[in-house]
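Engineer: Here you go, one structure.
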Amino acid sequence: MLASLTLLVPPASPSQFLSFNRLSHFHFSPSITVSDLLRVTSRRLAWAAKTQSITTMATGEDECVGNVKVQLAKLFEASLKVTVPNEPDVEPLVAACTGKFGDYQCNNAMGLWSKIKGKGTQFRGPPAVGEAIKNNLPTSEMIESCSVAGPGFVNVVLSKNWMAKSIQKMLIEGIDTWAPMPPVKRAVVDFSSPNIAKEMHVGHLRSTIIGDTLARMLEFSKVEVLRRNHVGDWGTQFGMLIEFLFEKFPNFEDANETAIGDLQAFYKASKQRFDADPAFKEKAQQAVVRLQGGEDKYRRAWAQICEISRNEFHKVYQRLGVHLEEKGESFYNPYIPEVIEALTKQGLVEESQGARVIFIEGVNIPLIVVKSDGGFNYASTDLAALWYRLNEEKAAWIIYVTDVGQQQHFDMVFKAAKRAGWLPHGDGSYPKTSHVGFGLVLGEDGKRFRTRNTEVVRLVDLLDEAKSRSKAALIERGKGEEWTEEEIESTAEAVGYGAVKYADLKNNRLTNYTFNFDQMLNDKGNTAVYLLYAHARICSIIRRSGKDIEELKNKGTVVLGHKDERDLGLHLLQFVEVVEEACTNLLPNVLCDYLYNLSEIFSKFYSNPECKVIGSDMETGRLLLCEATAVVMRKCFNLLGITPIYKI
Ligand code: ARG
1 MLASLTLLVP
11 PASPSQFLSF
21 NRLSHFHFSP
31 SITVSDLLRV
41 TSRRLAWAAK
51 TQSITTMATG
61 EDECVGNVKV
71 QLAKLFEASL
81 KVTVPNEPDV
91 EPLVAACTGK
101 FGDYQCNNAM
111 GLWSKIKGKG
121 TQFRGPPAVG
131 EAIKNNLPTS
141 EMIESCSVAG
151 PGFVNVVLSK
161 NWMAKSIQKM
171 LIEGIDTWAP
181 MPPVKRAVVD
191 FSSPNIAKEM
201 HVGHLRSTII
211 GDTLARMLEF
221 SKVEVLRRNH
231 VGDWGTQFGM
241 LIEFLFEKFP
251 NFEDANETAI
261 GDLQAFYKAS
271 KQRFDADPAF
281 KEKAQQAVVR
291 LQGGEDKYRR
301 AWAQICEISR
311 NEFHKVYQRL
321 GVHLEEKGES
331 FYNPYIPEVI
341 EALTKQGLVE
351 ESQGARVIFI
361 EGVNIPLIVV
371 KSDGGFNYAS
381 TDLAALWYRL
391 NEEKAAWIIY
401 VTDVGQQQHF
411 DMVFKAAKRA
421 GWLPHGDGSY
431 PKTSHVGFGL
441 VLGEDGKRFR
451 TRNTEVVRLV
461 DLLDEAKSRS
471 KAALIERGKG
481 EEWTEEEIES
491 TAEAVGYGAV
501 KYADLKNNRL
511 TNYTFNFDQM
521 LNDKGNTAVY
531 LLYAHARICS
541 IIRRSGKDIE
551 ELKNKGTVVL
561 GHKDERDLGL
571 HLLQFVEVVE
581 EACTNLLPNV
591 LCDYLYNLSE
601 IFSKFYSNPE
611 CKVIGSDMET
621 GRLLLCEATA
631 VVMRKCFNLL
641 GITPIYKI
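Set out below in structure tokens:
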């Protein structure tokens with residue numbers, strides 16, 4: 001991309017001492033001269049969820065067949081071309097209807113009217129424009145009827161037959177045919193990212209859960225996702241830890257997890273020692289220098305400490321079923337000097353109060369990239385990491401999942417990257433970066449979540465408790481006699497871990513939420529337990545019918561004759577646009593809402609005596625509708641990282 005930057009060395013072991021301190025508050029005045037820098041060409045985001053962008057979407061393989069909104073938008077696009085031939089760039093605005101006049105509506109008439117009035121148009125107002133849009137709509141088997149309402153909204157009622165056929169097609173060809181197709185080949189999701197020897201706290205749990213879901217949604221959309229664990233594995237604290245390790249364990253290589261016990265306690269003890277004993281402090285500082293110099297013994301001690309932390313993190317990932325690839329801060333060390341050098345050559349880096357900084361438009365503190373002591377920091381690493389991800393890993397979308405507290409940091413890093421021409425300026429263009437911020441996890445007392453007696457919450461204990469509580473509930477329901485021990489265990493895990501994940505994901509991530517076991521493990525309301533049971537019930541309906549569902553998919557037909565059947569069918573078809581929306585806006589709660597509504601709409605259908613399933617004349621079609629609901633629910637669970645259960 002940037003010629004001067006391609007000279008960077010390949011990854012090597014960290015050979016320099018870099019000190020990482022989180023930026024605190026500095027106050028400088030902004031002084032920006034934004035030159036017109038290299039622009040990066042990219043494919044525009046043409047997600048169908050932003051129906052406006054549909055015109056930029058390529059036809060053929062890029063087309064997302066399952067997306068109703070996109071398909072309708074295409075029809076409206078054709079109509080608009082005929083209706084207002086002199087306005088070639090009008091993007092169709094199609095949205096699902098909230099009212100009862102249709103399933104979808106086209107909202108172009110009013111906007112168009114304000115564009116064309118006074119230009120000698122034959123139309124007499126927005127309703128007439130709407131009428132023309134309706135009349136010029138190409139015929140399509142998708143549409144049953146159209147009507148114009150109010151100031152020109154064109155309402156579309158979808159054809160029941162077409163809806164039924166689309167659902168049947170999905171049943172036969174699989175839910176993957178309903179995957180969104182973003183114009184991105186490879187993405188980085190930087191998530192979880194705890195710090196070595198420090199507490200892996202509930203914030204990291206949130207990052208792990210949210211990041212995993214986003215990665216899953218992208219993977220479902222056939223994007224290659226680099227799941228990056230950007231662990232904090234480098235910094236001055238290692239001098240102290242290493243020296244303390246040598247002191248406690250003369251044969252330090254024997255020091256394993258069991259010997260050290262809690263690494264956080266070890267950190268605390270070494271910090272106390274560091275603060276209390278000047279001689280120790282001196283040695284610790286020496287240790288840092290020797291580590292940076294690459295001295296073998298120090299490197300091995302560092303690696304050992306990292307390994308112990310890693311094992312602890314792994315326990316959490318294992319329970320959550322989350323896969324991550326570690327590329328910690330230390331990985332990017334060798335790249336920092338040259339990245340800073342290149343930015344300096346571009347004139348972005350300036351001296352300020354002894355430090356070297358990048359000024360960012362609209363922000364009254366600069367981004368410090370070299371501290372006044374010459375050391376690098378969190379921001380230098382993030383710049384190098386971003387450079388690496390764009391140039392070496394060729395990622396088109398780089399997503400960072402951290403608490404909202406780090407929003408400004410990322411905002412500044414991204415703006416610096418734009419100034420440097422690494423990223424294009426427009427928001428809809430690629431490559432692009434997104435910060436996915438989230439709020440706090442609160443305890444019952446409304447304060448930051450803590451357990452009763454310890455200062456910090458051990459995440460493993462938290463997850464174990466979720467599991468043991470859901471196991472107790474299963475035993476209470478008499479499953480101890482009915483099920484094998486293995487079934488109890490796996491169900492308790494699915495429900496327990498699923499409950500923790502869902503309680504987190506169902507809220508808009510930016511809000512704080514209260515951690516409450518009783519609430520999340522309730523089998524009523526918007527909880528994973530309720531949803532998992534709802535799915536298991538559908539599976540049991542199908543089992544009870546005694547029919548071979550695979551055979552029915554090919555031999556039977558989905559029918560949406562009853563209103564409740566049609567409502568369910570429509571909601572099923574909207575799955576694609578919902579995943580797209582969740583993915584585009586990086587909001588897992590959108591998918592949770594959809595899933596919860598799906599189970600409510602299913603209940604309405606199933607509990608209606610007019611929609612009797614087993615033993616009715618319409619049994620086959622209704623069983624297929626049950627199966628389609630189960631398939632979509634399972635895909636939602638899968639995207640949310642929740643393991644479905646099949647019986648209760
Ligand atoms: N280790 C950091 C923390 O615990 C999170 C790192 C996020 N990723 C990044 N590229 N800065 O707050």
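Under the UniProt record's numbering, the residue at position 217 of the sequence shown is numbered 217, and the numbers go up by one with no gaps.
Even glycine gets a Cβ: it sits at the ideal position worked out from N, Cα and C.
These numbers were taken from a predicted model, which means no experiment stands behind them.
Within 10 Å of its beta-carbon, does ARG124 have 16 or more other beta-carbons around it, so buried, or fewer, so exposed?
Structural biologist: One-based indexing of the sequence shown puts residue 124 at position 124. By the neighbour-count rule (16 or more Cβ atoms within 10 Å), ARG124 is not buried but exposed.
Engineer: Could you check which residue in PRO588, SER540 and LEU625 has the C-alpha nearest to that of VAL559?
Structural biologist: Here residue 559 corresponds to residue number 559 of the sequence shown, with the count starting at 1. The residue with the shortest Cα to Cα distance from VAL559 is LEU625.
Engineer: According to the neighbour-count rule (16 or more other Cβ atoms, all chains shown, within 10 Å of its Cβ), is LEU510 buried or exposed?
Structural biologist: The count along the sequence shown starts at 1 and reaches residue 510 at position 510. LEU510 is exposed by the Cβ-count criterion.
Engineer: So VAL436 and TYR400 are supposed to be a Cβ contact under 8 Å. How far apart are they, rounded?
Structural biologist: Here residue 436 refers to the residue found at position 436 when the sequence shown is read from its first residue. Here residue 400 refers to the residue found at position 400 when the sequence shown is read from its first residue. 7 Å between Cβ atoms; contact.
Engineer: Let's see if you can read the secondary structure: which residues bound the alpha helix (DSSP H) around ASN229?
Structural biologist: Counting from one through the sequence shown, the residue named residue 229 turns up at place 229. ASN229 -> not in any alpha helix (DSSP H); beta strand (DSSP E) instead, spanning 224–229.
Engineer: Within the continuous beta strand (DSSP E) that includes ILE175, where are the two ends?
Structural biologist: Your numbering for residue 175 matches position 175 in the sequence shown. No beta strand (DSSP E) contains ILE175, which DSSP labels as neither H nor E.
Engineer: Can you round the beta-carbon distance between ALA301 and ILE242 to whole angstroms, since I take them to be within the 8 Å contact cut?
Structural biologist: If you number the sequence shown from 1, residue 301 lands on position 301. If you number the sequence shown from 1, residue 242 lands on position 242. Sure, about 4 Å apart at Cβ, within 8 Å.
Engineer: Would you identify the three-state DSSP class for ARG290, choosing helix, strand or coil?
Structural biologist: For this step, residue 290 is matched to residue 290 along the sequence shown. In this structure, ARG290 counts as helix in the three-state DSSP scheme.
Engineer: Heavy atom of the ligand ARG less than 7 Å from the Cβ of residue 650, yes or no?
Structural biologist: The displayed coordinates of the chain run from 1 to 648. Any statement about residue 650 would go beyond what the structure contains.
Engineer: For LYS647, which of ASP382, ASN391, GLY232 and ILE541 has the nearest alpha-carbon?
Structural biologist: Taking the sequence shown and counting its residues from 1, one reaches residue 647 at position 647. The candidate whose alpha carbon is nearest that of LYS647 is ILE541.
Engineer: Are there any heavy atoms of the ligand ARG lying less than 7 Å away from the beta-carbon of TYR646, as far as the coordinates show?
Structural biologist: By one-based count along the sequence shown, residue 646 stands at place 646. Answer for TYR646: no, Cβ out of range of the ligand ARG.
Engineer: Please say whether GLU325 and ASN256 have beta carbons closer to each other than 8 Å?
Structural biologist: Counting from 1 along the sequence shown, the entry for residue 256 is found at position 256. Counting from 1 along the sequence shown, the entry for residue 325 is found at position 325. No. Outside cutoff.
Engineer: So the alpha helix (DSSP H) LYS74 belongs to, where does it begin and stop?
Structural biologist: Residue mapping note: residue 74 aligns to position 74 of the sequence shown, counting from 1. Unbroken alpha helix (DSSP H) run through LYS74: 68–83.
Engineer: Measuring only from the beta carbon, is TYR430 closer than 7 Å to any heavy atom that is part of the ligand ARG?
Structural biologist: Locating residue 430 in the sequence shown gives position 430, where the first residue counts as 1. It does not: the Cβ of TYR430 is nowhere closer than 7 Å to a heavy atom of the ligand ARG.
Engineer: For GLY374, which of ARG389, LEU390, GLY354 and ALA385 has the nearest alpha-carbon?
Structural biologist: As a position in the sequence shown, residue 374 is number 374, starting the count at 1. The residue with the shortest Cα to Cα distance from GLY374 is GLY354.
Engineer: Where does ASN333 land, buried or exposed, given buried means 16+ other C-beta within 10 angstroms?
Structural biologist: As a first step, residue 333 is located in the sequence shown; it is residue number 333 there, counting from the start. Buried is the call here.
Engineer: Check whether the Cβ of THR402 lies closer than 7 Å to any heavy atom of the ligand ARG, and answer yes or no.
Structural biologist: Counting from 1 along the sequence shown, the entry for residue 402 is found at position 402. Yes, the ligand ARG has a heavy atom inside 7 Å of this Cβ.
Engineer: Quick check: ILE133 and CYS97, are their CB atoms within less than 8 Å of each other?
Structural biologist: Position 133 of the sequence shown, counted from the start, is the residue given in the question as residue 133. Position 97 of the sequence shown, counted from the start, is the residue given in the question as residue 97. No, these two residues do not count as a Cβ contact at 8 Å.
Engineer: Go ahead and pull the three-state DSSP assignment for GLN52.
Structural biologist: Numbered from 1 along the sequence shown, position 52 holds the residue referred to as residue 52. Caution is warranted here: a pLDDT of 33 is assigned to GLN52, below 50, making its placement in the model unreliable, and no coordinate value can be reported.
Engineer: Rounded to whole angstroms, what is the Cα-Cα separation between PRO644 and LEU474?
Structural biologist: Along the sequence shown, one-based indexing puts residue 644 at 644. Along the sequence shown, one-based indexing puts residue 474 at 474. Rounded to whole angstroms, PRO644 to LEU474 spans 16 Å at the Cα level.
Engineer: Any chance you could list the alpha helix (DSSP H) runs of at least 4 consecutive residues sitting entirely within the segment 118–143, in chain order?
Structural biologist: Qualifying alpha helix (DSSP H) stretches, in chain order: 126–135.
Engineer: Exposed or buried, which one is GLU351 when buried takes at least 16 other CB atoms within 10 Å?
Structural biologist: Locating residue 351 in the sequence shown gives position 351, counting from the first residue. Counting Cβ neighbours within 10 Å, GLU351 comes out exposed, since fewer than 16 surround it.
Engineer: List the DSSP bridge partners of LEU158.
Structural biologist: In the sequence shown, the residue the question calls residue 158 occupies position 158. ILE143.
Engineer: Between the Cα of GLN519 and the Cα atoms of VAL404, ALA466 and PRO609, which residue gives the shortest distance?
Structural biologist: Translated into the one-based positions of the sequence shown, residue 519 becomes position 519. Closest by alpha carbon: ALA466.
Engineer: Taking 7 Å as the limit between beta carbons, can you name the residues of its chain near GLY211, skipping five residues before and five after?
Structural biologist: By 1-based counting over the sequence shown, the position of residue 211 is 211. Excluding positions up to five away in sequence, the list reads VAL189, PHE191, SER192 and VAL401.
Engineer: What does a CB cutoff of less than 7 Å around ASN597 pick up in its chain, not counting 5 residues either side in sequence?
Structural biologist: To locate residue 597, count along the sequence shown from 1; it is residue 597. These residues qualify, in order along the chain: HIS571.
Engineer: What does the alpha-carbon distance come out to for the pair LYS479 and ALA536?
Structural biologist: Taking the first residue of the sequence shown as 1, we reach residue 479 at position 479. Taking the first residue of the sequence shown as 1, we reach residue 536 at position 536. Taking the straight line from one Cα to the other gives about 15 Å.
Engineer: In chain order, what residues of the same chain have a beta carbon less than 6 Å from the beta carbon of SER140, not counting five sequence neighbours either side?
Structural biologist: Position 140 of the sequence shown holds residue 140. The answer, listed in chain order, is LEU75.
Engineer: Counting Cβ pairs, one atom from each stretch, are 3 or more of them under 8 Å apart for the segment 213–229 and the segment 170–189?
Structural biologist: Verdict: yes, contact present.
Engineer: Any idea if GLU77 is buried or exposed, counting beta-carbon neighbours within 10 angstroms, 16 or more meaning buried?
Structural biologist: If you number the sequence shown from 1, residue 77 lands on position 77. GLU77 is buried by the Cβ-count criterion.
Engineer: State the DSSP-derived secondary structure class of SER207, mapped to helix, strand or coil.
Structural biologist: As a position in the sequence shown, residue 207 is number 207, starting the count at 1. Here SER207 sits in helix by DSSP.
Engineer: CA-CA distance, LYS222 and GLN237?
Structural biologist: Here residue 222 is taken as the residue at index 222 of the sequence shown, counted from 1. Here residue 237 is taken as the residue at index 237 of the sequence shown, counted from 1. Those two C-alpha atoms are separated by around 41 Å.
Engineer: So, do the segment 609–627 and the segment 492–508 have three or more beta carbon pairs nearer to each other than 8 Å?
Structural biologist: Verdict: no, contact absent.
Engineer: Any heavy atom of the ligand ARG inside 7 Å of the beta-carbon of ASN377?
Structural biologist: By 1-based counting over the sequence shown, the position of residue 377 is 377. No, since every heavy atom of the ligand ARG falls outside the 7 Å radius drawn around the Cβ of ASN377.
Engineer: Output needed for THR491: all residues of its chain with C-beta closer than 7 Å, excluding positions within five of it in sequence on either side, in chain order.
Structural biologist: One-based indexing of the sequence shown puts residue 491 at position 491. Excluding residues within five positions, the ones whose Cβ falls inside 7 Å are LEU474 and ILE645.
Engineer: Reducing DSSP to helix, strand and coil, say where ILE399 ends up.
Structural biologist: As a first step, residue 399 is located in the sequence shown; it is residue number 399 there, counting from the start. The answer is strand: DSSP assigns ILE399 an E or B state.
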